[in-house]
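Colleague: What follows is a structure written as structure tokens; I'll ask about it next.
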Amino acid sequence: MKIYAFSIDNFRRRPEEVQYLMDLILEKIEGLLDHKSIVNRYGVRVHFVGNLKLLSEPVRLAADEVMEATANNTKRTLLVCLAYSSTDEIVHAVQESCEEKWNEIQEVNANQAQNVEITKEMLELNDVDIGRHMYMGLAPDPDILIRTSGETRLSNFLLWQTTNCVLYSPRVLFPDIGLRHLIWAVLNYQRQYPHLQKRKKQLYNHYYYCSV
26 MKIYAFSIDN
36 FRRRPEEVQY
46 LMDLILEKIE
56 GLLDHKSIVN
66 RYGVRVHFVG
76 NLKLLSEPVR
86 LAADEVMEAT
96 ANNTKRTLLV
106 CLAYSSTDEI
116 VHAVQESCEE
126 KWNEIQEVNA
136 NQAQNVEITK
146 EMLELNDVDI
156 GRHMYMGLAP
166 DPDILIRTSG
176 ETRLSNFLLW
186 QTTNCVLYSP
196 RVLFPDIGLR
206 HLIWAVLNYQ
216 RQYPHLQKRK
226 KQLYNHYYYC
236 SV
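With my numbering applied, the sequence shown corresponds to residues 26 to 237, in that order.
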């Protein structure tokens, strides 16, 4: 499960609003730490993902503590997106992929008597290279994306990962979402499942033949 808790765009708000949100996030994370025995009982591993260096130090340290406390849990994974936007994630992944390619070339040159000529093929990136460095690489792509309050915009969330995802947009506000909404989301997903599987197979074949 992935939760969009705080967008990078929220840092554009007034300083007092940002501070209020940081305090609220810290309160929720500390509450999670107070109940970590329950989290561990259900085997939930919690990850905070995003450009975490943008967070206030108390929030960042508390998030690190939660991740360390749940690191050995393997039954379920909860990804909480803080200081996150999909465009930032993609830029980060491309930068990391380019750096990885460059380091590979440098390592080859270090083991050769003469420098290796850098070719275009050596610098090419593919979706696997980039996907490996995504913040969301810790978990599979989502099957269902729930956007409450009737909005159908993704709002810069999981743009890379939602190619084969069902978007469900109940009109209810997030605090009021209930079990019946979740059941309807699952039923809607099941109705579209055959089409999604066909689409995934087509994409797999496309990428497979392009890489051969």
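We treat Cβ as the ideally placed atom computed from N, Cα and C, and that holds for glycine.
So what does DSSP say about residue 216, is it helix, strand or coil?
Modeller: Counting from one through the sequence shown, the residue named residue 216 turns up at place 191. If DSSP states are grouped into helix, strand and coil, residue 216 belongs with the helices.
Colleague: In the DSSP output, which residue or residues are listed as bridge partners for residue 170?
Modeller: As a first step, residue 170 must be located in the sequence shown, where it is residue number 145. For residue 170, which the question treats as bridged, DSSP gives the partners 192.
Colleague: I need the boundaries of the alpha helix (DSSP H) containing residue 45, first residue and last residue.
Modeller: The residue you call residue 45 lines up with position 20 of the sequence shown. 40–59 is the extent of the alpha helix (DSSP H) around residue 45.
Colleague: I need the straight-line Cα distance from residue 145 to residue 155, nearest angstrom please.
Modeller: Indexing the sequence shown from 1 puts residue 145 at position 120. Indexing the sequence shown from 1 puts residue 155 at position 130. Roughly 17 Å between the two C-alpha positions.
Colleague: In whole angstroms, what separates the C-alpha of residue 166 from that of residue 83?
Modeller: Start at 1 with the first residue of the sequence shown, and residue 166 comes out as number 141. Start at 1 with the first residue of the sequence shown, and residue 83 comes out as number 58. Residue 166 and residue 83: Cα-Cα distance of roughly 30 Å.
Colleague: List the endpoints of the continuous beta strand (DSSP E) containing residue 28.
Modeller: Within the sequence shown, residue 28 is the residue found at index 3, counting from 1. Element bounds for residue 28: 27–32.
Colleague: Considering only the alpha carbon of each residue, which of 48, 222, 132 lies closest to residue 80?
Modeller: Taking the first residue of the sequence shown as position 1, residue 80 is located at position 55. If we check each option's Cα against that of residue 80, 48 comes out closest.
Colleague: By DSSP's criteria, residue 106 is part of a beta bridge. Which residues make up the other side?
Modeller: Along the sequence shown, one-based indexing puts residue 106 at 81. According to DSSP, which records beta bridges pairwise, residue 106 is partnered with 29, 74.
Colleague: Pull up the distance between the alpha-carbon of residue 158 and that of residue 113, whole angstroms please.
Modeller: Here residue 158 refers to the residue found at position 133 of the sequence shown. Here residue 113 refers to the residue found at position 88 of the sequence shown. So the two alpha carbons sit approximately 12 Å from each other.
Colleague: Taking just the CA atoms, how far does residue 136 sit from residue 181?
Modeller: Locating residue 181 in the sequence shown gives position 156, counting from the first residue. Locating residue 136 in the sequence shown gives position 111, counting from the first residue. So the alpha carbons of these two residues sit roughly 43 Å apart.
Colleague: Put residue 178 into one of helix, strand or coil per three-state DSSP.
Modeller: Position 153 of the sequence shown, counted from the first residue, corresponds to residue 178. Looking at residue 178 - three-state DSSP - the assignment turns out to be coil, as it is neither helix nor strand.
Colleague: Below 8 Å on the Cβ atoms is my guess for residue 58 versus residue 91; work out the distance and round it to an integer in Å.
Modeller: As a first step, residue 58 is located in the sequence shown; it is residue number 33 there, counting from the start. As a first step, residue 91 is located in the sequence shown; it is residue number 66 there, counting from the start. So it is a contact: roughly 6 Å between Cβ atoms.
Colleague: For residue 214, which of 183, 170, 184 has the nearest alpha-carbon?
Modeller: Numbered from 1 along the sequence shown, position 189 holds the residue referred to as residue 214. Closest in C-alpha terms to residue 214, from the list 183, 170, 184, comes 170.
Colleague: Mind checking which residues open and close the alpha helix (DSSP H) that includes residue 128?
Modeller: Within the sequence shown, numbered from 1, the residue matching residue 128 stands at position 103. Unbroken alpha helix (DSSP H) run through residue 128: 111–135.
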